[in-house]
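Participant: The structure is given below, and queries will be raised subsequently.
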């Protein structure tokens, strides 16, 4: 298959591209290689992808309509996996403009490309952040998501609404995946597993928000990749049972779906840190702080819908995933 994949230099995009290439597909990777975090890490991911003859890379700003449409015309993709975004909840407090350009303008350009070149299926990254101020756990796709707690969350919910409009108007199959706290080798340096590991090894304090009363559905990268690849060729059709008065945001009379993709567990942050300490053989210096603006106390994915649709079942608990991440970290940084 010809697959256009955005965010190829990013954490999840790199791993998905790797799996698709290993399965023999032609992957056309797009990324602007943003300096949001260490560009060298992104370049090193790309070096590994370039070892595959069927990988072609375009360094491009997704908000540039002419450039993106030229790439669509050149590559003629059958499927699009859109994983590029300006990530991070806290960063959105300082740099809101980058979220508007990457997550809204960039997404609209991709939607137009999918419409013009009539792709078979668009799979795009949403986020558990869309659940915002919801307190009922676990999060279910049928929950209302009207109260985002950050601009990042608002842009991700906007992506879901924009996708539905295009799916409804132009009958383009589209599936949104709400990712839950993804971690693993080649992970993002701005996320807790990376930040905590570095600080513990350097003997520096780790910052624990909400005085430690935090829970996350930590999901190992291999499980995420499995879910993305399963859903890619499982093309949604209209839901014949859908009714407008049912207020079900995750399906539609259009060929449109939204799924949670997580580990189906809500792990207390203290337990996560304890597993890190055990794996590193070193105790953390804890610094307890109040809740950060834009954060939420807990996330927890109900994955029944994705399991029913494609058989998705996560297999990697943190007791297995964290040591794998640490092994990669020590190898990459030659520790």
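In the numbering used here, the protein residues as written are 1459 to 1793. Glycine included, C-beta positions come from ideal geometry on N, C-alpha and C. All values derive from a computational prediction rather than experimental measurement.
1) Which ranges does the alpha helix (DSSP H) cover as unbroken runs of at least 4 residues, wholly within the segment 1522-1549, from first to last along the chain?
2) Within the same chain, show all residues whose beta-carbon is closer than 7 Å to that of residue 1652, passing over the 5 residues directly before and after it, in chain order.
3) Could you tell me the alpha carbon to alpha carbon distance between residue 1475 and residue 1463, rounded to whole angstroms?
4) For residue 1451, which residues from the same chain have a beta carbon less than 6 Å from its beta carbon, with the 5 sequence-adjacent residues on both sides left out?
5) Look at residue 1781 and residue 1737 and say whether their C-beta atoms are less than 8 Å apart.
6) For residue 1484, which residues from the same chain have a beta carbon less than 6 Å from its beta carbon, with the 5 sequence-adjacent residues on both sides left out?
7) Give the range of the beta strand (DSSP E) segment to which residue 1715 is assigned.
8) Give me the Cα-Cα distance between residue 1745 and residue 1668, rounded to the nearest whole angstrom.
9) What ranges does the beta strand (DSSP E) occupy inside the segment 1651-1701, keeping only unbroken runs of at least 3 residues that lie completely in it?
10) Mind checking who residue 1726 pairs with in its DSSP beta bridge?
11) Can you tell me which of 1726, 1689 and 1774 puts its alpha carbon nearest to the alpha carbon of residue 1766?
12) Report all residues from its chain with a CB closer than 7 Å to the CB of residue 1495; omit the five preceding and five following residues, and keep chain order.
13) Go through its chain and collect everything with a Cβ distance to residue 1540's Cβ below 6 Å, but skip five positions before and after it.
14) If you reduce the DSSP assignment to three classes, tell me which class residue 1743 lands in.
15) With a threshold of 7 Å on Cβ separation, who are the neighbours of residue 1503 within its own chain once the five nearest residues in sequence on each side are excluded?
16) Considering only their Cβ atoms, is the gap separating residue 1588 from residue 1623 smaller than 8 Å?
17) Shortest alpha-carbon distance to residue 1470 belongs to which of 1616, 1555, 1560 and 1687?
18) So what's residue 1581 in DSSP terms, helix, strand or just coil?
19) Can you tell me the Cα-Cα spacing of residue 1679 and residue 1637, whole angstroms?
20) Looking at C-alpha atoms only, which residue of 1654, 1617, 1702 and 1756 is the closest neighbour of residue 1671?
21) Spatial neighbours of residue 1547 within its chain, please: C-beta separation below 6 Å, excluding the five flanking residues on both sides.
22) Could you work out which residue in 1728, 1531 and 1519 is closest to residue 1544 when comparing CA atoms only?
23) By DSSP, does residue 1517 sit in helix, in strand, or in coil?
24) Against chain D, with Cβ distances strictly below 8 Å, would residue 1585 count as a contact?
25) Between residue 1530 and the rest of its own chain, which residues show a CB-CB distance below 6 Å, the 5 nearest in sequence each way excluded?
26) Contact defined as beta carbons within less than 8 Å: I believe residue 1677 pairs with residue 1721. What is the distance between those atoms, to the nearest angstrom?
27) Given a cut-off of 8 Å, decide if residue 1491 and residue 1517 are closer than it, judged by their beta-carbon atoms.
28) Where DSSP assigns a beta bridge to residue 1756, which residues make up the other side?
29) Along the chain, which unbroken stretches of the alpha helix (DSSP H) at least 4 residues long are found entirely within the segment 1552-1620?
30) On the criterion of 16 or more Cβ atoms from any shown chain inside 10 Å, does residue 1792 qualify as buried, or is it exposed?
31) Just list the residues that DSSP pairs residue 1460 with in beta bridges.
32) Skipping 5 residues on each side, what residues in its chain have a beta carbon closer than 6 Å to that of residue 1666?
33) Considering only residues of the same chain and omitting the five flanking positions on each side of residue 1562, which have a CB-CB separation below 7 Å?
34) Around the Cβ of residue 1627, are there at least 16 other Cβ atoms within 10 angstroms (buried) or fewer (exposed)?
35) Distance, Cα to Cα, residue 1706 vs residue 1723?
Facilitator: So, to answer that:
1) 1523-1533
2) 1645 and 1646
3) 7 Å
4) A question about residue 1451 goes unanswered here, because the residues of the chain that appear run from 1459 up to 1793.
5) yes
6) 1460 and 1512
7) 1714-1719
8) 11 Å
9) 1663-1666
10) 1673
11) 1689
12) 1646, 1647 and 1648
13) 1464, 1568 and 1582
14) strand
15) 1467, 1472 and 1644
16) no
17) 1687
18) strand
19) 10 Å
20) 1756
21) 1608, 1610 and 1752
22) 1519
23) strand
24) The chain labelled as chain D is not found in the depicted structure, where only one protein chain is given.
25) 1571 and 1575
26) 4 Å
27) yes
28) 1673
29) 1554-1557 and 1564-1574
30) exposed
31) 1484
32) 1744 and 1746
33) 1613 and 1616
34) exposed
35) 24 Å
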